[in-house]
Amino acid sequence: MSFTETQFEDLPVIALAGRIDSGTAKSYEEYLLARLEDGRPALVLDLAGVDYISSAGLRVLLIAVKRAAAQNRGFALCQLQDTVAEVLEISGLTALLRVQPDLAAAAAAVRKE
Amino acid sequence: MSDPTLARLTVPARLALITPARDFIGAVAQLEGFAAKALGRLELLVEEASLFVVEQAFEPGEAGDYTLILLRRPGRLVVALEYKGLPIDFSRLPGEGELGLTLMRGLAEEIQFLNLGKAGRRIEFSASLPVAPITDYLSESERNREAPPADAGMMPAPRLRMMGGEDAVALSRCIYRSYGYTYVEFIYFPDRVKEMLDAGLMISCVAEGEDQEIVGHIALLLASPEAKVAESGIAVVDPRYRGHNLFKAMKQQLIGEGQRRGLYGIFSEAMTLHPFTQKGNHSLGAHETGFQLAFLPRDVDTRKIEASPQGDRAAIALFYLRTNPEPPRRLYPPARHRPLIEDICQRIGLDRQIADSVGTEGDGGETRLTVRVRPDLGQAFLQIESFGADLVAQVRHHLIDLCCKKIDVIYLDLPLSDPATACCCDGLEGLGLFFAGMIPELDEQRGDVLRLQYLNNLSLNLEAIVVVSPAGRALLDHIAAERLRVGQSVAL
């Protein structure tokens, strides 16, 4: 489990890595909600390093997208591995979680919101 | 015969212990040769099933545990979770919070929810073991080969014999050559076919052409090596050898084998897009026992036979062929379906006494019900193990849940030897379930089952269902009338 803060153009990006499961979900949730309190205009999550997500992880992402919407901030996920994309597809949450193919598309999506 | 246990782990029902338990099961599965992607799916299923148990079966803070069992079955690795906890509240509708169940149904090839009565509950799912597909055994030219053209009667008549495990590659080769990749999946994996044969779950007859090449096949599939009825299937004839009446000859050989082994009977599912399979069944002495509307998904290969579309999916006719005397039984069919059940028993020659309902609706306890889901085929099968006061509520809960998960067709089997079947049927039909037919001796302990069916908002064209006999027509007319009578989803 790791969190790395990077930048794409002028937009802060958080790169997550590892497994988001029932063992790590709480830590991810606390970290993401804390980032939403720091005044950033949008939450862009780069999931290229995440190779496993369970329903516990999906709940964390749902909490984050709802909190971002409540604060009028943009939200997008990008660069999903195939296994993670499949889980989102089965759960029917791909659109709700604003999944984008890459960082450029994610940046464009949150700027439109 | 019990399945070999690879691992067994009892875990306290605590959130923090789910991932270590999952990782243990993953490590054992890795020893069985699972590659990273398949392993990830299996681990996810274990985590979701464990989460479901920890969150739903125990009160917060309640001490309890569950047991993870890893089993080996022919061609498959099976994971079971057994637990004793709170009964699920079936009066509560399946909710949006059941994200884990959605993932389990989406990821599992097959999943079962079993109520073990006093022994608790069991969730079971399986994954195919990694074995080489038939394409690994083929040369480049064979891989690119077109299906051979039909040339009826030009080839010498093949020799029929029973199949052994050493024929598994040749059989997969025959099916691939004839139909490409459109048949039931396991048949393309010779190691799985061999395991099924060795375990006594598959009895096959093959037709052998020139150079010992397999050019035809038909199988009996058994739910367990001790099963007393078998399902006939996987009928394949190489197009070059059509015209030799191979299907009938192979099936006759299998019927003889079934008689020798003491099977009570053989049931089969015949396509209704054309008359050929149904006529073939009649010529062998089999009889219609029902119709399952919309059973087959649209993408199942219909072998390019021109047919009128039946709508979203296609119906099959159920057939039964008696091969040995079965135990005499007393049946309790619902009054509405009694004439048809009597007719089926009479046509087949079953030793049955049809009794009137005696007004019992079960023992008043909790209903025991097994749910088996095939997400890839859009099918689910519910089987009543014992009747309780909550029968209709439980079935309603599962119907709603399965419909929300986009399962197209749901079947419910009721034991006809249980007097409660006659009494409870009305309540179940009030949910939109309607008559599908009867399958003799399907239940290993209790014998014949009455099968009801539920369609999840499908468009149907019943006119396009091909029926070849007056008895079949009478069955289908009753089913069509019952479908109209119960309406659809009326009480959901």
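Protein chains in written order, with my numbering: chain W, -11 to 101; chain A, 2 to 493.
A virtual CB, placed ideally from N, CA and C, is assigned to each residue, including glycine.
Taking just the CA atoms, how far does residue j sit from residue i?
i: W:Asp34; j: A:Glu110; result: 31 Å
i: A:His288; j: W:Asp70; result: 49 Å
i: A:Glu445; j: A:Asp419; result: 14 Å
i: A:Gln354; j: A:Leu413; result: 23 Å
i: W:Gln67; j: W:Ala56; result: 20 Å
i: W:Lys107; j: W:Gly6; result: Missing from the structure shown is residue 107 of chain W; chain W here goes from -11 to 101 and no further.
i: A:Cys206; j: A:Tyr242; result: 16 Å
i: A:Gly217; j: A:Gly234; result: 12 Å
i: A:Pro471; j: A:Arg323; result: 20 Å
i: A:Arg375; j: A:Ala381; result: 6 Å
i: A:Phe338; j: A:Arg314; result: Reading the sequence as shown, one finds His at residue 338 of chain A and not Phe. Distance between the alpha carbons of A:His338 and A:Arg314: 26 Å.
i: A:Arg304; j: A:Gly433; result: Residue placement at A:Arg304 is poorly supported in this model, since its pLDDT is 43, which falls under 50; the coordinates are not used for a value here.
i: A:Pro157; j: A:Ala224; result: 36 Å
i: A:Asp302; j: W:Ala96; result: Model confidence at A:Asp302 stands at a pLDDT of 48, short of 50, so the residue's coordinates are unreliable and nothing is read from them.
i: A:Ala421; j: A:His398; result: 20 Å
i: A:Leu172; j: A:Gly281; result: 22 Å
i: A:Ser309; j: A:Pro276; result: Only weak support exists for where A:Ser309 lies, its pLDDT of 47 falling under 50; the coordinates are left without a value.
i: A:Phe1; j: W:Ala93; result: Since the first and last residues shown for chain A are 2 and 493, residue 1 of chain A lies out of range.
i: A:Ile306; j: A:Ser127; result: For A:Ile306, the predicted structure reports a pLDDT of 44, less than 50, and the residue's modelled location is therefore unreliable. A value from the coordinates is still provided. So the alpha carbons of these two residues sit roughly 34 Å apart.
i: A:Ile70; j: A:Pro326; result: 38 Å
i: A:Leu78; j: W:Phe(-9); result: 35 Å
i: A:Cys426; j: A:Leu415; result: 9 Å
i: W:Glu101; j: W:Lys54; result: 14 Å
i: A:Asp248; j: A:Ile219; result: The amino acid occupying residue 248 of chain A in the given sequence is Phe; Asp does not appear at that position. Each residue's Cα considered, the two are about 8 Å apart.
Can you find a CB in chain W that lies within less than 9 Å of the CB of residue i?
i: A:Asp302; result: Residue placement at A:Asp302 is poorly supported in this model, since its pLDDT is 48, which falls under 50; the coordinates still yield a value, given next. No, its Cβ sits nowhere closer than 9 Å to a Cβ of chain W.
i: A:Leu43; result: no
i: A:Ala14; result: no
i: A:Ile401; result: no
i: A:Ile306; result: Legend: pLDDT at A:Ile306 = 44, less than 50; position of this residue unreliable, value from coordinates given subsequently. False, the Cβ-Cβ gap to chain W never drops below 9 Å.
i: A:Arg23; result: yes
i: A:Leu104; result: yes
i: A:Gly107; result: yes
i: A:Leu202; result: no
i: A:Leu10; result: no
i: A:Lys249; result: no
i: A:Lys119; result: no
Thinking C-alpha only, which one of the options is nearest residue i?
i: A:Gln57; options: A:Cys175, A:Val372, A:Leu102 and A:Val80; result: A:Leu102
i: A:Phe59; options: A:Gln354, A:Gly76, A:Arg77 and A:Leu16; result: A:Leu16
i: W:Ser43; options: A:Arg42, A:Leu69 and A:Pro61; result: A:Arg42
i: A:Arg331; options: A:Arg447, A:Lys119, A:Arg74 and A:Ile124; result: A:Arg447
i: A:Ile385; options: A:Ala81, A:Leu115 and A:Gly107; result: A:Leu115
i: W:Leu24; options: W:Ile78, W:Leu4 and W:Ala58; result: W:Ala58
i: W:Ala4; options: W:Gly27, W:Leu76, W:Ser10 and W:Ile41; result: One detail in the question is off: residue 4 of chain W reads as Leu in this sequence, not Ala. Among W:Gly27, W:Leu76, W:Ser10 and W:Ile41, the Cα nearest to that of W:Leu4 belongs to W:Ile41.
i: A:Pro328; options: A:Arg337, A:Glu442, A:Gly473 and A:Ala356; result: A:Glu442
i: A:Val54; options: A:Thr11, A:Arg160 and A:Leu72; result: A:Thr11
i: A:Ala482; options: A:Phe435, A:Ser387 and A:Phe248; result: A:Phe435
i: A:Asp409; options: A:Tyr321, A:Gly379 and A:Leu161; result: A:Gly379
i: A:Asn246; options: A:Glu464, A:Gly350 and A:Leu161; result: A:Leu161
i: A:Cys405; options: W:Ala83, W:Leu49, W:Asp39 and W:Ile78; result: W:Ile78
i: A:Pro75; options: A:Phe320, A:Gly65, A:Gly165 and A:Asp4; result: A:Asp4
i: A:Leu294; options: A:Pro240, A:Arg122 and A:Leu319; result: A:Leu319
Any Cβ of chain A within less than 9 Å of the Cβ of residue i?
i: W:Arg55; result: no
i: W:Gly124; result: A query on residue 124 of chain W cannot be resolved here, the shown segment of chain W reaching from -11 to 101 and no further.
i: W:Ala44; result: yes
i: W:Arg47; result: yes
i: W:Gly6; result: no
i: W:Ala73; result: no
i: W:Ser(-10); result: no
i: W:Ser79; result: yes
i: W:Ser15; result: no
i: W:Gly27; result: no
i: W:Gly62; result: no
i: W:Asp9; result: yes
i: W:Tyr40; result: yes
Which residues in the same chain as residue i place their Cβ atom closer than 7 Å to its Cβ, once the five residues preceding and following it in sequence are excluded?
i: W:Val1; result: Thr(-6), Gln(-5), Val32, Asp34 and Leu91
i: A:Glu49; result: Gly101, Leu104 and Met105
i: A:Leu477; result: Phe292, Ile466 and Val468
What residues in its chain sit with their C-beta under 6 Å from that of residue i, if we drop five residues either side in the sequence?
i: A:Gly201; result: Pro226
i: W:Leu20; result: Ala52
i: A:Glu232; result: Leu222 and Phe268
i: W:Leu65; result: Leu33, Leu35, Leu85 and Val87
Among the residues of its own chain, which have a CB less than 8 Å from the CB of residue i, if the five just before and after it don't count?
i: A:Leu87; result: Gln57, Ala58, Phe59 and Glu60
i: A:Gly428; result: Leu392 and Val393
i: A:Glu97; result: Any reading at A:Glu97 is ruled out, since the residue's pLDDT is 47, under 50, leaving its predicted position unreliable.
Discussion item. If contact is defined by three or more beta carbon pairs under 8 Å, each pair taking one atom from either stretch, is the region 451 to 461 of chain A in contact with the region 267 to 278 of chain A?
Written reply: Judged by Cβ distances under 8 Å, the region 267 to 278 of chain A makes no contact with the region 451 to 461 of chain A, as fewer than three pairs qualify.
Practice prompt. Indicate whether the contact test is met: 3 or more Cβ pairs, each with one atom in the region 244 to 262 of chain A and one in the region 337 to 346 of chain A, closer than 8 Å.
Written response: no
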